[in-house]
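The block underneath contains the structure these notes are about, expressed in structure tokens.
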Amino acid sequence: MVEKQMREENLQAPDSLQTPHICEGGNLDCGSGLLLLIRKSMEKVPDGEVLEIRSTEISVKEDLPAWCRMTENPYLGWRPSAEHNKYFVQRGEAEQDADAAYEQARDYRWQTRIHWDGGLQAKVFCRNHSWAVGQPASFDVRDAAPSAVEYVLGALGACLAMGFQIRASQQKIEIDELEISLSGQIDNIFVFLGTEQEGHSGFKEVRGTIYVASDADDEVLERLWEETLAASPVTNTLARDVDINVDLRVI
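No gaps in the numbering here: position 50 of the sequence shown is 58 in our numbering, and each next residue is one more.
So, in structure tokens, the structure goes:
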């Protein structure tokens with residue numbers, strides 16, 4: 009099985025393989041929205057014909073063959089180009105119904121597992137990833153791991169950066185450089201420490217700036233940014249009331 013997977017990951021598509029069916033994935037990988045774009049594009053591909061998927065994210069080369077096996081859409085290989093990598097997938101007869109795929113995405117529940125590693129550090133596990141988290145809020149520049157609130161800011165910034173790029177790619181707008189700077193202020197950190205009662209221990213404000221290099225008009229980029237802010241899952245999570253119910257179970 010491992011040898012087969014390695015062969016699929018390194019399968020080179022010949023230059024003669026061409027198709028009019030294109031899925032522009034920008035810099036998305038399979039875990040950040042590319043698969044949904046592929047499914048949407050695959051709806052327009054007749055049975056037996058080929059979809060070309062474009063992405064600058066090299067990890068797609070390892071992840072896409074597994075998705076193709078699960079959905080029974082034959083993987084035909086990849087080849088590099090100057091702007092992006094090209095991946096070729098043939099639409100199989102067993103391609104799932106698009107409505108069913110959307111419903112599955114609509115009801116999907118993201119999951120993590122967090123293990124206390126002793127002291128002031130925990131480890132987060134999700135899918136095939138893991139990372140260390142330090143104190144919920146720390147001011148020590150020598151901490152071994154980022155604080156939980158820094159991960160919140162990082163998640164927000166990453167969500168906005170990817171969302172902006174996705175919308176730009178969908179509208180054929182080329183982005184040369186993109187960076188986001190964020191800072192946040194806790195309402196009253198001493199509530200978390202248990203030394204004060206007034207206020208709350210969450211962010212009371214988050215401020216930042218997105219820096220974009222692009223040949224697109226400023227008005228177009230402003231509109232893209234407004235759409236990104238409005239649709240961002242992390243922004244909406246922070247800006248809205250969320251029903252949080254985490255039970256205690258003694259083991």
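No residue lacks a Cβ here, since even glycine has one placed at the ideal position from N, Cα and C.
- At the C-beta level, Val199 and Leu161 stay beyond 9 Å of one another.
- Across the structure, Glu101 and Arg150 are spaced so that their CA atoms are roughly 56 Å apart.
- The Cβ-Cβ distance between His123 and Ala130 falls below 9 Å.
- Within the region 65 to 149, the runs of beta strand (DSSP E) at least 3 residues long that lie entirely inside it are, in chain order, 83 to 88, 93 to 98, 121 to 124, 130 to 134 and 137 to 141.
- Taking a cut-off of 8 Å on C-beta distances, the region 50 to 64 does not touch the region 164 to 175, as fewer than three cross pairs fall below it.
- The beta carbon of Thr64 sits closer than 6 Å to the beta carbons of Asn35 and His92 from its chain, once the five residues preceding and following it are set aside; these are given in chain order.
- The Cβ atoms of Leu186 and Val220 lie closer than 9 Å to each other.
- In this chain, the alpha helix (DSSP H) harbouring Thr243 covers Pro241 to Ala247.
- Close CB contacts of Pro241 within its chain, under the 8 Å cut and outside five residues either way in sequence, are with Cys167 (chain order).
- 9 Å or more divides the Cβ of Val58 from the Cβ of Leu19.
- Note on Trp139: under 16 other CB atoms within 10 angstroms of its CB, so exposed under the neighbour-count rule.
- Beta-bridge pairing by DSSP links Tyr219 to Glu187.
- Inclusion of Gln193 and Lys180 in the CB contact set at 9 Å is not warranted, their separation being larger than that value.
- Judged by their CB atoms, Ile61 and Tyr95 are nearer to each other than the 9 Å cut-off.
- In the three-state scheme derived from DSSP, where H, G and I count as helix and E and B as strand, Ser24 is classed as coil.
- In terms of CA proximity to Leu229, Ile183 leads the group Glu158, Ile46, Ile183 and Ala239.
- For Val58, the uninterrupted beta strand (DSSP E) segment begins and ends at Val58 to Ser63.
- Nearest to Lys48 by C-alpha distance, out of Pro73, Arg99 and Asp23, is Arg99.
- Nearest in C-alpha terms to Tyr159, of all of Ala247, Gly171, Gln119 and Val141, is Val141.
- Rounded to the nearest angstrom, the gap between the Cα atoms of Ala176 and Glu235 is 11 Å.
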